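J.: Here you go, one structure.
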Amino acid sequence: MKISTISFLLFLCFFGNSIAQPTKKITNQDNYAWQFGASWLLTDDDGYELNPFSSSKLHSAPYPTRIFVDKYIYNGWSADGAIGFQKYDPTKLVNDSIGITGSMISTDLALKYSFYKQLGRGIVDPYIGAGLGTTLRTSDKRNTAKTLSPTCNFSLGCTFWMSSKLGLQVQGTMKLGLTDLFKSSDYMQYSVGLTYRIPKTDGYKSDFEKSKYKISRHRTRIKVKKPKSES
């Protein structure tokens, strides 16, 4: 878990550094107001294991168990809040133990930065985020993770816009338990779901609603030369 944690943090720093690079002037008048969504969760609640993508540790459900809301702030920045529920699969590992039963509930608040405009305002909308949260576990005593643990979260994700308002969001979040840092309360959580964006209602158009072709509506006067009078 320590190796994957360090790699994840370095990856976030690499992307975050691009925020400080010179870019073209960005205005605030052409972005959304809110985003809402629901997603399927894959949870790796094994803080001791070094491999973060092993199928033997991924707990999941056949239906969406995470809901989130995103409020746009300014120049690519937004605030995100989410609630997730994950039931343990007894056949999957939890902190080097198998047969663990119970569930976990997580609440998260994060500050996000989107690279949507830097990439030309197209279909791909990658972002990074960081914030705080809490995780409540209800499981048997063999689970060495803390029952209630505040977490420090780092996320990396991307939204693929299928229309002007509907998108497919994929996200990975590393959660570090603050009660026992880099130990059993740490875990990784992945989500795949749909998000719906609500445009601003202040008279401005969002990036997706702007027309790429402008047609002038001004009337053009056509001058006609008068014939010369014969003397």
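With our numbering applied, the sequence shown covers 7 to 237.
C-beta: ideal position from N, C-alpha, C; glycine also.
All values derive from a computational prediction rather than experimental measurement.
1. Just the C-alpha distance for Ile104 and Leu125, rounded to the nearest angstrom, thanks.
2. Evaluate Leu115 with the Cβ neighbour count: other Cβ atoms within 10 Å of its Cβ, from every protein chain shown; 16 or more gives buried, anything less gives exposed.
3. Can you tell me whether Gly128 is buried or exposed? The criterion is at least 16 other CB atoms within 10 Å of its CB, across all chains shown.
4. Any contact of the segment 190-208 with the segment 36-51, i.e. 3+ C-beta pairs under 8 Å?
5. Compute the Euclidean distance between the alpha carbons of Phe160 and Pro96, then round it to the nearest angstrom.
6. Can you find the residues in the same chain that come closer than 6 Å, C-beta to C-beta, to Pro132, ignoring five residues on each side of it along the sequence?
7. Compute the distance between the beta-carbons of Asp76 and Lys63, then report whether it is under 8 Å.
8. Could you give the first and the last residue of the continuous beta strand (DSSP E) run that contains Val176?
9. When the distance is taken between beta carbons, is Met180 closer than 8 Å to Leu174?
10. Can you say whether Ser155 is buried or exposed, counting buried as having 16 or more other CB atoms within 10 angstroms of its CB?
11. In three-state terms, what does DSSP make of Lys189?
12. Within the same chain, show all residues whose beta-carbon is closer than 7 Å to that of Val176, passing over the 5 residues directly before and after it, in chain order.
13. Give the straight-line distance between the Cα atoms of Ser84 and Lys118, rounded to the nearest whole angstrom.
14. Would DSSP call Ser60 helix, strand or coil?
15. When the Cα atoms are used, what is the spatial distance from Gly82 to Lys147?
16. Alpha carbon to alpha carbon, how far is Ala151 from Val100?
17. For the segment 75-143, which segments carrying the beta strand (DSSP E) assignment without a break, of at least 3 residues, lie completely within its bounds, in sequence order?
T.: Straight from the coordinates:
1. Residue numbering aside, residue 104 sits at position 98 when the sequence shown is read from its first letter. Residue numbering aside, residue 125 sits at position 119 when the sequence shown is read from its first letter. The straight-line gap from Cα to Cα measures roughly 44 Å.
2. Residue numbering aside, residue 115 sits at position 109 when the sequence shown is read from its first letter. Counting Cβ neighbours within 10 Å, Leu115 comes out exposed, since fewer than 16 surround it.
3. If you number the sequence shown from 1, residue 128 lands on position 122. Exposed.
4. yes
5. Position 154 of the sequence shown, counting from 1, holds the residue named residue 160. Position 90 of the sequence shown, counting from 1, holds the residue named residue 96. Looking at the two C-alpha atoms, the distance is approximately 27 Å.
6. Taking the first residue of the sequence shown as 1, we reach residue 132 at position 126. Cβ neighbours of Pro132 beyond the five flanking positions: Phe121, Cys164.
7. One-based indexing of the sequence shown puts residue 76 at position 70. One-based indexing of the sequence shown puts residue 63 at position 57. No, Cβ-Cβ distance for Asp76 and Lys63 is not below 8 Å.
8. Taking the sequence shown and counting its residues from 1, the one referred to as residue 176 is at position 170. Element bounds for Val176: 172-183.
9. In the sequence shown, residue 174 corresponds to position 168, counting from 1. In the sequence shown, residue 180 corresponds to position 174, counting from 1. Against a cut-off of 8 Å, the Cβ pair of Met180 and Leu174 comes out as no contact.
10. In the sequence shown, the residue the question calls residue 155 occupies position 149. With a 10 Å radius around the Cβ and a threshold of 16 neighbouring Cβ atoms, Ser155 comes out buried.
11. As a first step, residue 189 is located in the sequence shown; it is residue number 183 there, counting from the start. Per DSSP, reduced to three states, the secondary structure at Lys189 is coil, with no helix or strand assignment.
12. What you label residue 176 is simply residue 170 of the sequence shown in a count that begins at 1. So the qualifying residues of the chain are Gly163, Cys164, Val198.
13. Residue mapping note: residue 84 aligns to position 78 of the sequence shown, counting from 1. Residue mapping note: residue 118 aligns to position 112 of the sequence shown, counting from 1. Rounded to whole angstroms, Ser84 to Lys118 spans 5 Å at the Cα level.
14. For the purposes of this step, residue 60 is taken as residue 54 along the sequence shown, with counting starting at 1. Coil at Ser60, not helix or strand.
15. Taking the sequence shown and counting its residues from 1, the one referred to as residue 82 is at position 76. Taking the sequence shown and counting its residues from 1, the one referred to as residue 147 is at position 141. One C-alpha to the other measures close to 44 Å.
16. Your numbering for residue 151 matches position 145 in the sequence shown. Your numbering for residue 100 matches position 94 in the sequence shown. Their Cα atoms are separated by approximately 9 Å.
17. 83-93, 108-120
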